[in-house]
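Residue numbers (the numbering used here): 2 to 140.
Only one structure is covered here, and it is reproduced in the block below.
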């Protein structure tokens, strides 16, 4: 009699194992799309902070009552309005950076973010990053 081999495969061998791939950080950092997105995010953040800082200089006295409260209270109440052109969050961030932390030297932070963002996204060097970082740390 002829021996027949079992042609049935086990159910486990038919299933394909689906593994979730975690990104390799080295590959992610070399990806040009990642550079473009991160650079555009940094430029957007720099423009937002710069606008909030400039508006804070014009309206700091009117926003003083808002920034004295906690952020949760200010953001939760819709009747609280900020005079800052970028709203409650802009007033809070500008108060934190200018009044509590760095003073007018906070204007260097958006400039440095623009330098890094343009270099990452457009591959253009406006000025050397080391010199920009040194000027930021010096002030």
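All C-beta atoms, glycine included, are put in the ideal place defined by N, C-alpha and C.
Short check: CB of residue i to CB of residue j, under 7 Å?
i	j	result
residue 85	residue 56	yes
residue 111	residue 40	no
residue 118	residue 44	yes
residue 138	residue 127	no
residue 53	residue 101	no
residue 47	residue 114	yes
Can you list, in chain order, the residues of its chain whose CB lies under 6 Å from that of residue i, leaving out five sequence neighbours each side?
i	result
residue 64	83, 84, 85, 92
residue 121	36, 39, 40
residue 75	67, 81, 89
Run through DSSP, which three-state label would residue i get?
i	result
residue 21	coil
residue 124	coil
residue 83	coil
residue 104	helix
Among the residues of its own chain, which have a CB less than 7 Å from the CB of residue i, if the five just before and after it don't count?
i	result
residue 60	84, 85
Here's the rule I'm using: 16 or more other beta-carbon atoms within 10 Å means buried, otherwise exposed. How should residue i be labelled?
i	result
residue 106	exposed
residue 135	exposed
residue 77	exposed
residue 30	exposed
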